[in-house]
Amino acid sequence: MLPARHNVPPLPHAVQEHLGQMLRADYYERTEKPRYLGDSALPLEFDPYLYRLEQKERALRLMRAREQGTRAVADALSGLEF
1 MLPARHNVPP
11 LPHAVQEHLG
21 QMLRADYYER
31 TEKPRYLGDS
41 ALPLEFDPYL
51 YRLEQKERAL
61 RLMRAREQGT
71 RAVADALSGL
81 EF
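Numbered per my numbering, the sequence shown spans residues 1 to 82.
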């Protein structure tokens with residue numbers, strides 16, 4: 001078992017970027033290409049995961065909008081005297 005490496009600094013940003021570009025390029029070359037416009041290049045097995053991710057992102061957006069809207073209304077009403 002490998003020891004925990006909590007004290008090891010991360011790779012420099014330039015190295016991370018370079019590795020990320022290489023991984024994305026390799027992934028792009030290996031993935032299936034869409035057969036027609038609108039065809040998803042991702043396998044159908046990913047659909048449930050993508051749907052859940054989309055729902056989670058939508059819920060976060062709605063929550064953020066609700067919080068910002070509530071804060072904006074509270075700020076607008078705080079200057080009024082009743």
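Every residue, glycine too, gets a C-beta built ideally from N, C-alpha and C.
Please go through the stretch 1-71 and give each complete alpha helix (DSSP H) segment of 4 or more residues, from N-terminal end onward.
13-30
key: Where L80 falls: helix, strand or coil (DSSP)   = In the sequence shown, counting from the first residue as 1, residue 80 sits at position 80. The answer is coil: DSSP assigns L80 none of H, G, I, E or B.
Item to complete: Could you tell me the distance, in whole angstroms, from the CA atom of Q21 to the CA atom of A14?
Response: Within the sequence shown, the letter at position 21 stands for residue 21. Within the sequence shown, the letter at position 14 stands for residue 14. The alpha-carbon atoms of Q21 and A14 are separated by roughly 11 Å.
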